[in-house]
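Colleague: Chains as they are written, first to last, in the working numbering: chain Z, 350 to 685; chain S, 120 to 424. First the structure, then my questions, so here it is.
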Amino acid sequence: MKNIFYSLTGLMGLMLFATACQKDVSNRTSNLPALQSSNLDLNAGTWKPVLLSRPDSFAVAAPVATTSPLYVADLFEIKALQRSLTKDQENSIKYWAAGGVLRWNEIMRGLVAKYNLPVVASADGTYAIPNAANPLAYPLFPFTNPPYAARAYAYISAAQYDALLACWFYKTKYNRAAPYNFDSAVAAKFVNKTELPSYPSEAAVLAGVTAEMMKLLFPGEIGNIQNIAVQSEQAAIMSGAATRADVTAGEALGRQVAELFIARARGDNAGKAVGTPTDWANFVDVTKSQGLIPWYSLETPQRPPMLPLFYKVKPFLFDSATVVSLRPDSSSCCRI
Amino acid sequence: MKKKTLLHFSLAVAFSLVAVMAKSQTADDAIMMGKKQWCNGLTYMYSSWKNYWEGTLKRENLNLGTVSTQSVMFMSTYGITNKLNAIVSVPYIWTHASAGTLHGLKGFQDIEADIKYEFLGTKLGKKGHLLLFVVGGISTPLQNYENDFLPMSIGMGSTNLIGRLTADYQNGIFFATASSAFEWRSDVTIDRTSYYTGDQIHFTNKVDMPNQLNSNLFVGIRKPTLIVQAQLFNMYTFSGADIRRNDMPFVSNQMNMTSVGGHVKYFFPFFPNLAVVADADFTVAGRNVGQSNMYSGGLYYVVSL
Chain Z
350 MKNIFYSLTG LMGLMLFATA CQKDVSNRTS NLPALQSSNL DLNAGTWKPV LLSRPDSFAV
410 AAPVATTSPL YVADLFEIKA LQRSLTKDQE NSIKYWAAGG VLRWNEIMRG LVAKYNLPVV
470 ASADGTYAIP NAANPLAYPL FPFTNPPYAA RAYAYISAAQ YDALLACWFY KTKYNRAAPY
530 NFDSAVAAKF VNKTELPSYP SEAAVLAGVT AEMMKLLFPG EIGNIQNIAV QSEQAAIMSG
590 AATRADVTAG EALGRQVAEL FIARARGDNA GKAVGTPTDW ANFVDVTKSQ GLIPWYSLET
650 PQRPPMLPLF YKVKPFLFDS ATVVSLRPDS SSCCRI
Chain S
120 MKKKTLLHFS LAVAFSLVAV MAKSQTADDA IMMGKKQWCN GLTYMYSSWK NYWEGTLKRE
180 NLNLGTVSTQ SVMFMSTYGI TNKLNAIVSV PYIWTHASAG TLHGLKGFQD IEADIKYEFL
240 GTKLGKKGHL LLFVVGGIST PLQNYENDFL PMSIGMGSTN LIGRLTADYQ NGIFFATASS
300 AFEWRSDVTI DRTSYYTGDQ IHFTNKVDMP NQLNSNLFVG IRKPTLIVQA QLFNMYTFSG
360 ADIRRNDMPF VSNQMNMTSV GGHVKYFFPF FPNLAVVADA DFTVAGRNVG QSNMYSGGLY
420 YVVSL
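Encoded structure:
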């Protein structure tokens with residue numbers, strides 16, 4: 350019996366040891382400290398936008414006076430929230446305090462990874478093409494292949510850039526002190542206090558512009574994105590950095606800037622980049638006629654080319670003639 | 120996507136093969152080497168699948184064709200006492216896909232060391248005999264092989280702690296063995312800075328590996344010179360995501376499988392230190408694994424020190 354005892358004790362010991370070695374895989378950005386700006390860039394409203402003609406293309410009304418009951422009510426909301434923050438709320442503030450651009454970029458990367466799956470071949474050997482009008486039906490829209498992902502990152506980043514320029518323009522113009530600077534009863538919770546004016550809220554501008562862009566780029570995700578946008582805005586309020594009015598004005602500005610980019614995106618030829626079977630066959634014929642070996646798929650069944658007309662998509666920073674001039678010449682290419 | 124499975128099966132196969140005069144053993148059977156007896160063996164295994172389970176969806180993949188895994192495993196068992204054995208195994212593995220563009224990989228996989236202890240032997244009924252064993256083991260990669268290239272990878276890359284309980288009942292020439300092992304698996308490192316699994320992106324190169332339960336049931340006849348058994352193996356992974364539609368498998372997927380098969384071990388009358396073993400196992404159910412058929416054969420040689 351002693352043997353049984355020792356054996357079972359040993360086995361239990363091994364299991365306890367194993368259980369004790371808790372697995373702790375965590376994201377490298379999970380516990381980032383709150384953003385510490387080296388420069389508030391208060392003149393960013395004068396920088397050159399990507400697409401906006403002027404930083405004040407979209408009007409943002411002046412904030413109500415700090416003596417207004419509306420403003421006092423906004424401050425009261427923050428104080429009430431800060432008195433009873435739950436652990437989840439604290440974690441949400443800390444998460445967004447690392448930087449809204451960083452977090453939205455991570456969310457984008459997650460979506461690109463989620464949708465980066467090539468469609469499975471149909472029974473007849475063809476491949477269905479994702480349909481933006483029906484994004485949740487298989488194959489899911491979009492297929493975030495490299496061209497699609499590059500364009501999505503570009504649009505989101507450029508739209509965020511312009512929206513933040515406009516945001517900074519109004520921040521400087523109205524120069525509304527952040528709640529934690531205006532009212533000593535409002536704390537800077539888990540964020541670093543700065544002198545950045547809070548109207549309109551940069552967190553809400555980012556939330557508004559990004560969520561609106563995502564409606565176009567990831568139409569199957571808009572519900573999730575909307576939730577995340579609200580969380581980021583709520584975190585800004587709970588942290589003491591922004592009032593409800595700062596957030597409302599910021600989100601509206603962000604969405605308006607997004608509309609400008611969305612209008613451009615609808616006409617930039619990306620929707621036609623997938624081409625047609627006629628286009629695909631034409632590529633082969635033209636390439637062969639030049640004495641070159643055409644690209645062909647090594648998959649079974651053969652997969653059509655991936656957004657082959659993407660070269661016709663309108664670039665952001667140069668014109669279509671520059672696109673042509675940047676191409677490598679075909680003289681050193683693979684001849685038949 | 121069944122490298123790990125492969126090892127388990129090779130272990131099961133190789134270890135349950137040898138018998139030898141004095142008997143031999145593996146981690147999951149009820150056979151022990153006598154004191155100062157030393158058994159060494161080599162087993163060759165061929166396993167292949169054409170269909171696999173993408174989550175619960177069974178499918179084929181024309182860009183993989185038939186994926187085969189072959190291995191040669193060296194196994195060594197030493198009888199410290201009649202009731203305490205030490206077992207070490209080292210497999211060399213190579214993989215191949217008959218279609219598509221994925222290249223096979225090859226190399227030494229994980230070394231495994233086990234201590235097997237017979238802690239109870241008692242009569243049960245008029246002629247029956249019951250044995251109970253406990254096994255503690257560890258396995259770890261012998262080299263930094265590529266673990267993030269399933270299904271061509273040769274292993275998962277985790278270091279594992281294994282605790283096993285085995286019960287064996289013999290009555291005349293008939294016997295039954297039931298065994299189950301809990302396998303705690305360490306995190307693994309992959310050559311990417313981020314990956315997507317379990318409905319979210321992870322910004323790290325570390326992957327949390329779910330633990331596993333490996334169980335087997337043998338039923339058959341066991342004589343001093345011959346063992347013939349039917350066998351059932353089950354691998355269950357406690358968590359992990361399914362392979363997404365048309366995605367590659369991932370190290371931490373929930374890989375489950377059940378196979379049925381048979382095993383024969385024979386000792387040459389003219390050379391009783393030598394045993395030959397053969398196994399065949401067929402996967403009948405699975406999740407995120409290939410529906411593999413496995414065949415193996417080996418030779419074991421026992422010396423007394």
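Cβ atoms here follow ideal geometry from the backbone N, Cα and C, with glycine treated the same way. What you are looking at is a predicted structure, and each value in this text was computed from that prediction instead of being measured.
When you compare the region 256 to 271 of chain S with the region 279 to 297 of chain S, are there three or more beta-carbon pairs, one atom per stretch, that lie closer than 8 Å?
Modeller: With a cut-off of 8 Å, the region 279 to 297 of chain S and the region 256 to 271 of chain S count as touching, because enough Cβ pairs lie within range.
Colleague: According to DSSP, which residues form a beta bridge with residue 287(S)?
Modeller: DSSP lists 250(S), 296(S) as partners of residue 287(S).
Colleague: Rounded to whole angstroms, what's the CA-CA distance from residue 140(S) to residue 297(S)? Just pull it up for me.
Modeller: Bear in mind that a pLDDT of 28 at residue 140(S), under 50, signals an unreliable position, so the number given afterwards is only what the model happens to contain. Approximately 23 Å between the Cα atoms of the pair.
Colleague: Assuming contact is defined by CB atoms lying nearer than 9 Å, are residue 431(Z) and residue 536(Z) in contact in what I supplied?
Modeller: Their beta carbons are under 9 Å apart, which means residue 431(Z) touches residue 536(Z) by this criterion.
Colleague: Taking CB distances under 9 Å as the criterion, tell me whether residue 319(S) reaches chain Z.
Modeller: By this cut-off, residue 319(S) is an interface position.
Colleague: Quick one: is residue 424(S) buried, meaning 16 or more other Cβ sit within 10 Å of its Cβ, or exposed?
Modeller: Label assigned to residue 424(S): exposed.
Colleague: What are the boundary residues of the alpha helix (DSSP H) that residue 383(S) is part of?
Modeller: Careful: residue 383(S) lies outside any alpha helix (DSSP H), inside the beta strand (DSSP E) at 375 to 386.
Colleague: Closest by CA to residue 404(Z), which one among 656(Z), 516(Z), 467(Z)?
Modeller: The shortest C-alpha separation from residue 404(Z) is found at 516(Z).
Colleague: Closest by CA to residue 268(S), which one among 215(S), 152(S), 160(S), 358(S)?
Modeller: For residue 268(S), the nearest C-alpha among the options comes from 215(S).
Colleague: Can you find a CB in chain S that lies within less than 9 Å of the CB of residue 593(Z)?
Modeller: Chain S, which has no Cβ nearer than 9 Å to the Cβ of residue 593(Z), makes this no.
Colleague: On the premise that residue 656(Z) lies in contact with residue 494(Z), defined as a C-beta separation below 8 Å, what is that separation, rounded to the nearest angstrom?
Modeller: So it is a contact: roughly 7 Å between Cβ atoms.
Colleague: Measure from the C-beta of residue 413(Z) to each C-beta in chain S and report whether the shortest distance is under 9 Å.
Modeller: Output row for residue 413(Z): interface = no.
Colleague: Do the CB positions of residue 429(Z) and residue 539(Z) come within less than 9 Å of each other?
Modeller: Cβ atoms of residue 429(Z) and residue 539(Z): not closer than 9 Å.
Colleague: Taking Cβ-Cβ distances shorter than 7 Å, what residues in chain S pair up with residue 463(Z)?
Modeller: What residue 463(Z) touches in chain S: 315.
Colleague: For a test of the three-state rule: what should DSSP assign to residue 189(S), helix, strand or coil?
Modeller: Three-state DSSP puts residue 189(S) in a strand.
Colleague: DSSP three-state call for residue 525(Z): helix, strand or coil?
Modeller: Of the three classes helix, strand and coil, the one that applies to residue 525(Z) here is coil, per DSSP.
Colleague: Say whether the region 318 to 326 of chain S touches the region 335 to 343 of chain S, bearing in mind that this needs 3 or more beta-carbon pairs closer than 8 Å, one atom from each stretch.
Modeller: Output reads no: the region 335 to 343 of chain S does not touch the region 318 to 326 of chain S.
Colleague: Leaving out the 5 sequence neighbours to the left and right, which residues in its chain are closer than 6 Å to residue 396(Z) when beta-carbon positions are compared?
Modeller: Cβ neighbours of residue 396(Z) beyond the five flanking positions: 514.
Colleague: Closer than 7 Å by C-beta to residue 667(Z): which residues in its own chain qualify, once you throw out the five before and the five after it? Chain order, please.
Modeller: Nothing listed; no residue qualifies.
Colleague: Identify whether residue 61(S) lies in helix, strand or coil by the three-state DSSP scheme.
Modeller: Since the displayed chain S opens at 120 and closes at 424, residue 61(S) lies outside it and no answer follows.
Colleague: Residues of chain Z with CB closer than 8 Å to the CB of residue 366(S), please, in chain order.
Modeller: Under the 8 Å cutoff, chain Z gives 466.
Colleague: For a test of the three-state rule: what should DSSP assign to residue 496(Z), helix, strand or coil?
Modeller: Helix at residue 496(Z).
Colleague: Cα separation between residue 425(S) and residue 177(S)?
Modeller: Outside the displayed span of chain S (120 to 424) sits residue 425(S), for which this structure offers no information.
Colleague: According to DSSP, is residue 126(S) helix, strand or coil?
Modeller: Because the pLDDT at residue 126(S) is just 34, under 50, the model does not fix this residue reliably, and the point stays unresolved.
Colleague: Is the CB of residue 530(Z) under 9 Å away from at least one CB in chain S?
Modeller: Cβ-Cβ to chain S under 9 Å: no for residue 530(Z).
Colleague: List the residues of chain Z whose Cβ lies closer than 9 Å to the Cβ of residue 181(S), in chain order.
Modeller: Going along chain Z in sequence order, the residues near residue 181(S) (Cβ under 9 Å) are 470, 648, 649, 650.
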